[in-house]
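Visitor: The structure that follows is given in the form of structure tokens.
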Amino acid sequence: MKGRRKNVFAPLCELQLPSHCGPCSLSACLFILGISATQRQLAAAAGRPVSVFTHGVDERGLRRAARAFGVRSEFVQYEDRTRGAEFARRLRAHLRKGNPAILLCKDFEHWVAVIGYLTQQRKFIIVDPKEKHSVFFRWSERSLIRNAWNKATGKDSYEPDQFFSILLSRRDGEPPRWRVSEAWLRLCERGSADTAEGMANDLAEMAVLASPNEREIEEGPYLAEFLEKNEDVIIGSITHWAGGNGERTLSDLRTFYRDYTTVASSSGIRIAKDSDTTLLVAQLTALLCSYWWGGRF
Numbered sequence: 180m181k182g183r184r185k186n187v188f189a190p191l192c193e194l195q196l197p198s199h200c201g202p203c204s205l206s207a208c209l210f211i212l213g214i215s216a217t218q219r220q221l222a223a224a225a226g227r228p229v230s231v232f233t234h235g236v237d238e239r240g241l242r243r244a245a246r247a248f249g250v251r252s253e254f255v256q257y258e259d260r261t262r263g264a265e266f267a268r269r270l271r272a273h274l275r276k277g278n279p280a281i282l283l284c285k286d287f288e289h290w291v292a293v294i295g296y297l298t299q300q301r302k303f304i305i306v307d308p309k310e311k312h313s314v315f316f317r318w319s320e321r322s323l324i325r326n327a328w329n330k331a332t333g334k335d336s337y338e339p340d341q342f343f344s345i346l347l348s349r350r351d352g353e354p355p356r357w358r359v360s361e362a363w364l365r366l367c368e369r370g371s372a373d374t375a376e377g378m379a380n381d382l383a384e385m386a387v388l389a390s391p392n393e394r395e396i397e398e399g400p401y402l403a404e405f406l407e408k409n410e411d412v413i414i415g416s417i418t419h420w421a422g423g424n425g426e427r428t429l430s431d432l433r434t435f436y437r438d439y440t441t442v443a444s445s446s447g448i449r450i451a452k453d454s455d456t457t458l459l460v461a462q463l464t465a466l467l468c469s470y471w472w473g474g475r476f
């Protein structure tokens, strides 16, 4: 892991074990769906906990592993290279629903995770489990078509040349946990004083505590909107009552607060319409005071 700029939040940014690109890519996709599974667990679920180190895991094994963790898979295959744009459109439509996919590339030798699509930039977001120096890659449609074309050579000569992807979604019909945005990607690449997963857990607990009588909050407003509206109030309260430890600036505090806003938006956390907003402000103020005073998370 030393080659990574930031050890952000595994398993999304976990480097693969030998020949584990399939299970590792699947692990990253499951993270987006809100399901935790390591590459070793997925290799075992695929039925290849030992042989995977030599032979890897094929698409049938990945489907088996996905099913074991409550995930539906759909194979998409195009054997005509001129249909690359159609393949990209099919993948893009799936990603726009927030669902991830696994992509076969490098002439049948490698799997990567495709965890989202940035509409404004027209870029596919790629997690390559073999890459040591970057957390994410942003591929244009042209790059995707070029990298995703697999030409059968050598031991895979029995396979037809093809584009191939595995589209993934939750079998229970629940939405993915993380919505990929440019702000979320920057947070992941930069790192923060806490992990995005830890932040999401904190915010989800606050939302529940502030919701009276444990009422359903699925139809309520987004917590991110509340955070944006109350940023100055919360930051002002912290700096007024707490002197800080002298090592962090107001800019540092505001950046950390906006990391929470990014996570709240990316994880889609909501609050009840009649939430106790005073309690929410108090919880957030107390939490960020720990950071301001130099507490560790």
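Yeah, the sequence shown ends on 476 if you go by our numbering, and it's all consecutive.
Ideal Cβ positions, reconstructed from N, Cα and C, are used throughout, including at glycine.
Determine, using beta-carbon pairs with one atom in the region 456-465 and one in the region 375-391, whether at least three such pairs fall under 8 Å.
Guide: yes
Visitor: Decide if the region 294-308 is in contact with the region 357-371; the criterion is three or more beta carbon pairs, one per stretch, under 8 Å apart.
Guide: yes
Visitor: Applying the criterion that 16 or more other CB atoms from any shown protein chain within 10 Å of the CB defines a buried residue, is residue 429 buried or exposed?
Guide: exposed
Visitor: Comparing alpha-carbon positions, which option in 419, 449, 414 lies nearest residue 467?
Guide: In terms of Cα proximity to residue 467, the closest of 419, 449, 414 is 414.
Visitor: If distances are taken between C-alpha atoms only, which option among 336, 294, 235 comes closest to residue 317?
Guide: 294
Visitor: If you scan the region 354-418 from start to end, which runs of the alpha helix (DSSP H) of 4 or more residues do you find wholly inside it?
Guide: 361-369, 375-388, 402-408
Visitor: Quick one: residues in its chain with C-beta nearer than 7 Å to the C-beta of residue 446, no 5 flanking neighbours on either side, listed in chain order?
Guide: 356, 357, 379
Visitor: What would DSSP say about residue 252, mapped onto helix, strand or coil?
Guide: strand
Visitor: Where does the unbroken beta strand (DSSP E) through residue 347 begin, and where does it stop?
Guide: 342-349
Visitor: Taking C-alpha atoms, which residue in 254, 231, 349, 471 lies nearest to residue 211?
Guide: 349
Visitor: In the DSSP output, which residue or residues are listed as bridge partners for residue 303?
Guide: 296, 318
Visitor: If we count the other Cβ atoms within 10 Å of its Cβ and call it buried at 16 or more, is residue 465 buried or exposed?
Guide: exposed
Visitor: Could you round the C-beta distance between residue 248 and residue 342 to whole angstroms and report it? I think they count as a contact, below 8 Å.
Guide: Not quite, the Cβ-Cβ distance comes to about 26 Å (not below 8 Å), so this is no contact.
Visitor: Quick one, are the C-beta atoms of residue 406 and residue 440 less than 9 Å apart?
Guide: Cβ atoms of residue 406 and residue 440: closer than 9 Å.
Visitor: Taking DSSP as the reference, what is the three-state secondary structure of residue 443?
Guide: helix
Visitor: Between which two residues does the alpha helix (DSSP H) harbouring residue 247 extend?
Guide: First-last of the alpha helix (DSSP H) with residue 247: 238-247.
Visitor: DSSP beta-bridge partners for residue 280?
Guide: 293, 346
Visitor: In or out: residue 369 buried (at least 16 other Cβ within 10 Å) or exposed?
Guide: exposed
Visitor: Nearest CA to the CA of residue 284: which residue from 296, 269, 256, 365?
Guide: 256
Visitor: Taking buried to mean at least 16 other C-beta atoms within 10 Å of its own C-beta, is residue 287 buried or exposed?
Guide: So residue 287 counts as buried.
Visitor: Using the three-state DSSP reduction, which class does residue 470 fall into: helix, strand or coil?
Guide: Residue state, collapsed to three classes: helix.
Visitor: Go to residue 211, then tell me how far its alpha helix (DSSP H) extends in each direction, as first and last residue.
Guide: Segment 200-212, the alpha helix (DSSP H) holding residue 211.
Visitor: Closest to residue 206 by C-alpha separation, out of 229, 226, 418, 292, would be which residue?
Guide: With distances taken between Cα atoms, residue 206 lies closest to 292.
Visitor: Any idea which residues DSSP pairs residue 257 with across the strands?
Guide: Answer is 342.
Visitor: Is residue 401 close to the ligand GDP? I mean its beta-carbon at under 8 Å from any heavy atom of the ligand.
Guide: Here there are no bound small molecules, and the ligand GDP is not part of this structure.
Visitor: Report, in whole angstroms, the separation of the C-beta atoms of residue 323 and residue 253, which I expect to be a contact under 8 Å.
Guide: Rounded, the Cβ-Cβ distance is 18 Å, inconsistent with contact.
Visitor: Starting from residue 312, trace the alpha helix (DSSP H) both ways and give me its first and last residue.
Guide: Where residue 312 is concerned, there is no enclosing alpha helix (DSSP H), given that its DSSP letter is neither H nor E.
Visitor: Using 9 Å as the threshold, is the C-beta distance between residue 209 and residue 196 below it?
Guide: No; because the gap between Cβ atoms is not below 9 Å, this pair is not in contact.
Visitor: Give the DSSP bridge partners of residue 329, in chain order.
Guide: 341
Visitor: Which one or two residues does DSSP pair with residue 275 in a beta bridge?
Guide: Paired residues: none, contrary to the question.
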